[in-house]
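In the numbering used here, the protein residues as written are 16 to 292.
Next up, the structure:
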């Protein structure tokens, strides 16, 4: 009888032990809207998070439609870190995704961010990203309490890299503050605000300008001696080329949706500086 009781206790202990470590080994499945957020979440959550990006790199975040296969993946997710800045994709899909997975925790990554009206490109600011990192860290620590200390450590390491890059860009851009650059799509408004630039955007929102508005922008670009028009990989090059010919500028491609977030922000900064030299 004594042995039987002991065996039962041992079996219960082993079962609880296995269940505990099975729980630790299960990744937290997380959704993000765009590729740059993937680096944020993985840098903080490490191997304990599995991140699904809803808008693949190279796709237009203003018009992308989620595929049926991607919607099936949504069902198993626990957290959705959405941008919360008015991105058209999120305006259309947030409620639909919540209906597919009612248990999904919806987390706004723009908490504490001062948004620019009509500009959803909130991630193209290292200062905004720093605030998003804090939101991500606190959420992951709540869901993964066993790894709280490591998550905090990862957060501090990545945040340090981000702040160092921000400080470097601040120094690099000092000689060019007040100058203007031109984007076909108004994607660098937050970047311009952070470092004291003026963005001249051809499009207004995601719409083509009328003839009078376009002529006004061309004249403004000439006055500001714009030498470069920045274009995203998914935008219409032919239209940009006509404007570039009119103002005697060249076209350079920048990718606002690169998954390599910090590297890409450094690249964008250097491209803008080169355009202003």
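Cβ coordinates follow ideal geometry from the N, Cα and C atoms, glycine included.
Bridge partner(s) assigned by DSSP for residue i
{"i": "residue 148", "result": "DSSP output for residue 148 lists no bridge partner at all."}
{"i": "residue 46", "result": "67, 95"}
{"i": "residue 243", "result": "265"}
Pairwise C-alpha distance: residue j and residue i
{"i": "residue 53", "j": "residue 251", "result": "27 Å"}
{"i": "residue 231", "j": "residue 177", "result": "37 Å"}
{"i": "residue 279", "j": "residue 160", "result": "32 Å"}
{"i": "residue 123", "j": "residue 150", "result": "8 Å"}
{"i": "residue 258", "j": "residue 221", "result": "17 Å"}
{"i": "residue 85", "j": "residue 282", "result": "30 Å"}
{"i": "residue 291", "j": "residue 203", "result": "15 Å"}
{"i": "residue 287", "j": "residue 48", "result": "26 Å"}
{"i": "residue 97", "j": "residue 205", "result": "18 Å"}
{"i": "residue 110", "j": "residue 87", "result": "15 Å"}
{"i": "residue 67", "j": "residue 285", "result": "30 Å"}
{"i": "residue 94", "j": "residue 211", "result": "35 Å"}
{"i": "residue 181", "j": "residue 144", "result": "11 Å"}
{"i": "residue 199", "j": "residue 244", "result": "7 Å"}
{"i": "residue 228", "j": "residue 112", "result": "38 Å"}
{"i": "residue 92", "j": "residue 116", "result": "8 Å"}
{"i": "residue 219", "j": "residue 241", "result": "18 Å"}
{"i": "residue 148", "j": "residue 156", "result": "12 Å"}
{"i": "residue 153", "j": "residue 269", "result": "32 Å"}
{"i": "residue 189", "j": "residue 179", "result": "16 Å"}
{"i": "residue 262", "j": "residue 197", "result": "11 Å"}
{"i": "residue 187", "j": "residue 195", "result": "16 Å"}
{"i": "residue 82", "j": "residue 209", "result": "36 Å"}
{"i": "residue 57", "j": "residue 134", "result": "26 Å"}
{"i": "residue 42", "j": "residue 127", "result": "28 Å"}
{"i": "residue 213", "j": "residue 226", "result": "22 Å"}
{"i": "residue 174", "j": "residue 166", "result": "12 Å"}
{"i": "residue 39", "j": "residue 255", "result": "Interpretation of residue 39 is limited by its pLDDT of 47, a score under 50 that renders its predicted location unreliable; the figure taken from the coordinates is listed afterwards. Their backbone Cα atoms lie some 51 Å apart in a straight line."}
{"i": "residue 142", "j": "residue 64", "result": "24 Å"}
{"i": "residue 346", "j": "residue 162", "result": "With the chain running from 16 to 292 in the structure shown, residue 346 is simply not present."}
{"i": "residue 36", "j": "residue 108", "result": "Note that residue 36 scores 43 on pLDDT, short of 50, meaning its location in the model is unreliable and no value can be drawn from it."}
Residue i: first and last residue of the uninterrupted beta strand (DSSP E) it sits in
{"i": "residue 267", "result": "265 to 268"}
{"i": "residue 216", "result": "213 to 216"}
{"i": "residue 65", "result": "64 to 68"}
Boundaries (first-last residue) of the alpha helix (DSSP H) holding residue i
{"i": "residue 76", "result": "Element bounds for residue 76: n/a, residue is neither H nor E."}
{"i": "residue 292", "result": "Counting along the chain, residue 292 falls outside any alpha helix (DSSP H), and DSSP gives it neither H nor E."}
{"i": "residue 87", "result": "83 to 89"}
Of the listed residues the options, nearest to residue i (C-alpha basis)
{"i": "residue 264", "options": "238, 281, 274, 284", "result": "238"}
{"i": "residue 131", "options": "118, 99, 46", "result": "99"}
{"i": "residue 172", "options": "200, 266, 59", "result": "59"}
{"i": "residue 207", "options": "218, 192, 219", "result": "192"}
{"i": "residue 266", "options": "103, 273, 246, 284", "result": "246"}
{"i": "residue 106", "options": "61, 77, 94", "result": "77"}
{"i": "residue 235", "options": "253, 276, 216", "result": "216"}
{"i": "residue 136", "options": "119, 201, 169", "result": "201"}
{"i": "residue 72", "options": "276, 272, 242", "result": "272"}
{"i": "residue 138", "options": "63, 83, 249, 101", "result": "101"}
{"i": "residue 129", "options": "249, 75, 146, 121", "result": "146"}
{"i": "residue 118", "options": "89, 108, 55", "result": "89"}
Of all the alpha helix (DSSP H) runs that stay within the bounds of the stretch 101 to 139, which reach a length of 4 or more residues?
103 to 115
For the stretch 156 to 231, list the beta strand (DSSP E) runs that are entirely contained and at least 3 residues long, ordered along the chain.
195 to 198, 213 to 216
For the stretch 246 to 288, which segments carrying the beta strand (DSSP E) assignment without a break, of at least 3 residues, lie completely within its bounds, in sequence order?
265 to 268
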